[in-house]
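The listed protein sequences derive, respectively, from chains A and B.
Under my numbering, the first residue of the first sequence carries the number 1, and numbering increases by one thereafter.
Under my numbering, the first residue of the second sequence carries the number 1, and numbering increases by one thereafter.
Heads up, the beta-carbon is just placed ideally off N, CA and C, and yes, glycines get one too.
Encoded as structure tokens, the structure appears first; notes follow it.
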Amino acid sequence: MFHALGDATRRDIVMRVLQGESSISTLARPYPMSFAAVQKHVAVLERAGIVTKQRRGREQVVRAEIDSVRSAARLLDELEAIWRSRMDRIGDILVVPE
Amino acid sequence: MAVTNVHKDPEALTMTITAEFDAPVARTWQVWEDPRQLERWWGPPVYPATVVEHDLTPGGRVAYYMTGPEGDRHHGWWRVIAVEAPHTLEFEDGFADEAGNPDPALPVAVARVTLGERPDGGTRMSIETTFGSLQEMEKVVAMGMEEGIKLAIGQIDGLLAA
Numbered sequence: 001m002f003h004a005l006g007d008a009t010r011r012d013i014v015m016r017v018l019q020g021e022s023s024i025s026t027l028a029r030p031y032p033m034s035f036a037a038v039q040k041h042v043a044v045l046e047r048a049g050i051v052t053k054q055r056r057g058r059e060q061v062v063r064a065e066i067d068s069v070r071s072a073a074r075l076l077d078e079l080e081a082i083w084r085s086r087m088d089r090i091g092d093i094l095v096v097p098e
Numbered sequence: 001m002a003v004t005n006v007h008k009d010p011e012a013l014t015m016t017i018t019a020e021f022d023a024p025v026a027r028t029w030q031v032w033e034d035p036r037q038l039e040r041w042w043g044p045p046v047y048p049a050t051v052v053e054h055d056l057t058p059g060g061r062v063a064y065y066m067t068g069p070e071g072d073r074h075h076g077w078w079r080v081i082a083v084e085a086p087h088t089l090e091f092e093d094g095f096a097d098e099a100g101n102p103d104p105a106l107p108v109a110v111a112r113v114t115l116g117e118r119p120d121g122g123t124r125m126s127i128e129t130t131f132g133s134l135q136e137m138e139k140v141v142a143m144g145m146e147e148g149i150k151l152a153i154g155q156i157d158g159l160l161a162a
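What follows is the structure, given as structure tokens:
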């Protein structure tokens, strides 16, 4: 999963499909790369179980697999990690005299 | 700095983290009150924050963006609900579109910050974060995930060193 999310374009794709399902052609529009390259990024996310892809007519629709990916408890663990590192950084600021 | 307590409630979608600092309350409050200090800790080192608006009064707004390693910018905002310097701060925390306008499709969390004096002159600071839904929490964590990635890398390093 972390390989899947260790790329700025893939993170951006995840953020966008979290806001609602989207076709690959719509997803590809803002990126300065080929449709095929975006398709490859989506395939990496699909293998990691983060998104699913469905053919609908001529389009391929991508949606985030929110509930299957992480439970509330797991999300709170990650939120804890975010805040622990923020507290660390605050500690670093406070030890330096103004 | 020492994190002294973490309380997670998956049903209430709430997490409270408490840490203690040697610095007095008035000094610790400045990491919220001074935008230049805030931007040194809010975003992770690989996604540093730049604060462009900072009004810590009730109804006031804080606007910022985080810049990624490839120059990608992610905008966020706070709306201040209540503030009593230097002891309490309550705000909504959300994401914004590229122009910095709050995006109604994106999640909002409510954060409550409490600073209290310790008998030795230091500060005990608690931050409670509450989400409206599991989906909102998923989005916030997904957007903060570079820290999750670093944590995972740290865990892998730990395993390799063992």
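Legend entry - Top-ranked residue by Cα proximity to A:R10, from B:P44, B:P48 and B:E70: Among B:P44, B:P48 and B:E70, the Cα nearest to that of A:R10 belongs to B:E70.
Legend entry - Spatially closest choice to A:I93 from B:R40, B:V108 and B:A109, by CA coordinates: Ranking B:R40, B:V108 and B:A109 by Cα distance to A:I93 puts B:R40 first.
Inset, instruction - Specify the secondary structure class of B:E33 as computed by DSSP and reduced to three states. - result: Helix at B:E33.
Inset, instruction - Using a Cβ-Cβ cut-off of 8 Å, state whether A:A37 counts as contacting chain B. - result: For A:A37, the answer is no, since every Cβ of chain B falls outside 8 Å of its Cβ.
Legend entry - Euclidean distance between Cα positions of B:L56 and A:R86: Their Cα atoms are separated by approximately 20 Å.
Legend entry - B:F131 versus A:R55 - alpha carbon distance: So the two alpha carbons sit approximately 33 Å from each other.
Legend entry - Contact set for B:R73: own chain, Cβ-Cβ below 6 Å, skip 5 residues either direction: Closer than 6 Å at Cβ, skipping near neighbours: Y65 and T67.
Inset, instruction - Rounded to whole angstroms, what's the CA-CA distance from B:A96 to B:A63? Just pull it up for me. - result: Those two C-alpha atoms are separated by around 9 Å.
Inset, instruction - Please work out which residues of its chain come closer than 7 Å, Cβ to Cβ, to B:G43, disregarding the five sequence neighbours upstream and downstream, and give them in chain order. - result: So the qualifying residues of the chain are A49 and M66.
Inset, instruction - Please confirm whether any heavy atom of the ligand GTP lies closer than 7 Å to the CB of A:M15. - result: Of ligands this structure carries none, so the ligand GTP is not represented either.
Inset, instruction - Give the DSSP-derived three-state secondary structure of B:V141 in the structure shown. - result: DSSP places B:V141 in helix when its eight states are reduced to three.
Legend entry - CB contact check: B:V3 to chain A, cutoff 8 Å: Interface residue, yes.
Inset, instruction - Could you check what DSSP says for B:E98 in three-state terms: helix, strand or coil? - result: Annotated three-state conformation of B:E98 is coil, per DSSP.
Legend entry - 7 Å Cβ cut-off: residues of chain A touching B:E70: Going along chain A in sequence order, the residues near B:E70 (Cβ under 7 Å) are A8.
Inset, instruction - Tell me, please, whether the CB atom of A:R29 is closer than 8 Å to any CB atom in chain B? - result: No - not a single Cβ of chain B is within 8 Å of the one on A:R29.
Legend entry - Whole-Å CB distance - B:K8 paired with A:L18, under 8 Å assumed: About 22 Å separates the two Cβ atoms, so there is no contact after all.
Inset, instruction - Report the residue from A:V51, A:Q60 and A:E80 whose alpha carbon sits nearest the alpha carbon of A:M15. - result: Comparing Cα positions, the closest option is A:V51.
Inset, instruction - Compute the Euclidean distance between the alpha carbons of B:V51 and B:P35, then round it to the nearest angstrom. - result: B:P35 has its alpha-carbon roughly 6 Å from the corresponding atom of B:V51.
Legend entry - DSSP state of A:Q54 mapped onto helix, strand, coil: Per DSSP, reduced to three states, the secondary structure at A:Q54 is strand.
Legend entry - Alpha carbon of A:S25 to alpha carbon of B:G76, nearest angstrom: Their backbone Cα atoms lie some 27 Å apart in a straight line.
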